[in-house]
Amino acid sequence: MRLYNSLSREKDRFVLPADRPVTLYVCGVTPYDTTHIGHARTFLIFDLLVRFLRWQGAEVRYCQNVTDVDDPLFERAARDGVKWQDLAATQTEQLLADYAALNIIMPTYFPRASEEIGTMIPIIERLIELGHAYVIEGNVYFSVQTDPDFGKMARMGYDELLAVANQRGNKPDDPLKRDPLDFVLWQTGKPGDPTWPSPWGPGRPGWHIECSAMATRYLGAQIDIHGGGADLIFPHHPCEIAQIEPVTGKRPFVQIWMHTGLVWLDGEKMSKSLGNLVFARDALKEHSADTLRWYLFSQHYRQEFDYQRAEVANAAEAVALLHTALDAVSGDGAPLDPDASRAEFLAALEDDLNTPTALAVLHLMARNTISAAADGANVVAYQQTLHELAQIFGMML
Ligand SMILES: [Zn+2]
Numbered sequence: 001m002r003l004y005n006s007l008s009r010e011k012d013r014f015v016l017p018a019d020r021p022v023t024l025y026v027c028g029v030t031p032y033d034t035t036h037i038g039h040a041r042t043f044l045i046f047d048l049l050v051r052f053l054r055w056q057g058a059e060v061r062y063c064q065n066v067t068d069v070d071d072p073l074f075e076r077a078a079r080d081g082v083k084w085q086d087l088a089a090t091q092t093e094q095l096l097a098d099y100a101a102l103n104i105i106m107p108t109y110f111p112r113a114s115e116e117i118g119t120m121i122p123i124i125e126r127l128i129e130l131g132h133a134y135v136i137e138g139n140v141y142f143s144v145q146t147d148p149d150f151g152k153m154a155r156m157g158y159d160e161l162l163a164v165a166n167q168r169g170n171k172p173d174d175p176l177k178r179d180p181l182d183f184v185l186w187q188t189g190k191p192g193d194p195t196w197p198s199p200w201g202p203g204r205p206g207w208h209i210e211c212s213a214m215a216t217r218y219l220g221a222q223i224d225i226h227g228g229g230a231d232l233i234f235p236h237h238p239c240e241i242a243q244i245e246p247v248t249g250k251r252p253f254v255q256i257w258m259h260t261g262l263v264w265l266d267g268e269k270m271s272k273s274l275g276n277l278v279f280a281r282d283a284l285k286e287h288s289a290d291t292l293r294w295y296l297f298s299q300h301y302r303q304e305f306d307y308q309r310a311e312v313a314n315a316a317e318a319v320a321l322l323h324t325a326l327d328a329v330s331g332d333g334a335p336l337d338p339d340a341s342r343a344e345f346l347a348a349l350e351d352d353l354n355t356p357t358a359l360a361v362l363h364l365m366a367r368n369t370i371s372a373a374a375d376g377a378n379v380v381a382y383q384q385t386l387h388e389l390a391q392i393f394g395m396m397l
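242 is the number that UniProt numbering gives to position 242 of the sequence shown; each next residue is one higher, with no gaps.
Below, the structure is given as structure tokens:
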């Protein structure tokens, strides 16, 4: 199959390995404000990918982390007067309940950053030894000047990289840094933040090192597919590459980088700051998981998705049509042949998970089933294929 790689900016061929499992790492949530529709869309796309790879016979080792060591989590816990551990635990429980309700397959590995500090420290130590990182007043920074390829995935000049990084948590005015774009590997943090012991004194890791450490611990030095939301194209994923490739000595860290487009709500960007998050658990009060899947897959994953509350009902109609088709009573006339539809469906998914086309094939198959059954055709094989293909989409039916 072909998958669009954000690093090469092409649809790269992805061949199933013959003698080992496929490895997939997806950046997980910081456990607060979960699970909104933006999270759900990303995790549904990778759920579809896992199902499709397994349907092809591959063993898939899928790791998704929980970023429970992160500024926004600590800030939210402080604002609400709760312990950050309690907030993280209840929000992670909520996430897992939402996964179950959405029929999302559990990842093979589901590590929490707070339990992986011991995996991160040796990587940071090695970066210091190699001259890629420097220690100052109990903090450790990665020196971006030591990596000529830094930020390549974003295809931007230095000033633009810096501007984007600053919007996404970088602190350019930190007087301890040699370069405003240098990023934190270890930090003393603010007074009151949780700390762990380290060779540089008590502190905590930076966000980027968490994912490099967990990805390589669970999946190895080189990973087939690494995914996340499009907001991770810079700085998070380039930072992951910069800090792990010198340590493992293996390049590339990742064969294919996949990114899902951000989600809007009724024409406005869906964001915590605008307060217009739609949560999966609320959407599921009005719509079935199958309807939400159908709706969220109705646009290609790389496009931004405008979640229009009025449009979800159309997806419900499509799912109802599927039920009608699967319940249709077969005649004993000439059989309806599913092969052409099956081939068209698979070709769509093999082309960078073209879900809109694949769904259109399912929709047409449902209509064909209903009309052929009404004409007395034998639709048993056709119904079986329709059911099988809908399950690649994770439909519960
Ligand atoms: Zn990550």
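Backbone N, C-alpha and C define an ideal beta-carbon position, used for all residues, glycine too.
W207 is the residue among N103, W207, A381, A78 whose C-alpha sits nearest the C-alpha of V29. The alpha-carbon of Y4 is positioned some 42 Å away from that of E137.
Between Q94 and T35 the beta-carbon gap is near 7 Å, inside 8 Å, which marks them as a contact.
Those residues that bring their Cβ nearer than 5 Å to a heavy atom of ligand 1 are C27, C211. In the structure shown, the three-state DSSP call for T23 is strand. By the CB criterion at 8 Å, D224 and Q255 fall inside the cutoff. Annotated as proximal: L336 and V379, with beta-carbon spacing under 8 Å.
Between the stretch 225–235 and the stretch 190–206, the count of Cβ pairs shorter than 8 Å is below three; the stretches do not touch. By DSSP's assignment, L265 forms a beta bridge with E268, Y307.
Inter-segment contact for the stretch 282–294 and the stretch 311–329 is present: three or more beta-carbon pairs are separated by less than 8 Å. G38 and S271 have their C-alpha atoms roughly 9 Å apart. In its chain, beyond the 5 residues on either side, Y32, L87 have a beta carbon closer than 7 Å to the beta carbon of R76.
Less than 8 Å divides the Cβ of S6 from the Cβ of M153.
From the listed residues W55, V60, C27, D47, the smallest Cα separation to P17 is found for V60. At a Cβ-Cβ threshold of 8 Å, A328 and A373 count as neighbours. K11 is bridged by DSSP to Y4. Rounded to whole angstroms, the gap between the alpha carbons of T357 and F345 is 7 Å.
By the Cβ neighbour-count rule, V69 is buried, with 16 or more other Cβ atoms within 10 Å of its own.
Sixteen is the threshold: since fewer than 16 other Cβ atoms of the shown chains lie within 10 Å of the Cβ of D282, the residue is exposed.
With respect to the 8 Å criterion, A40 and A280 are classified as neighbours on the basis of their beta carbons. In this structure, P21 lies away from C63, with their beta-carbon atoms at least 8 Å apart. Of the residues D80, P235, D306, V312, the one whose Cα lies closest to the Cα of H287 is V312. DSSP lists R2 as the beta-bridge partner residues of D351.
Annotated three-state conformation of N170 is coil, per DSSP.
Around the beta carbon of V82, fewer than 16 other beta carbons sit within 10 angstroms, so the residue counts as exposed. With fewer than 16 other Cβ atoms inside 10 Å of its own Cβ, R155 counts as exposed.
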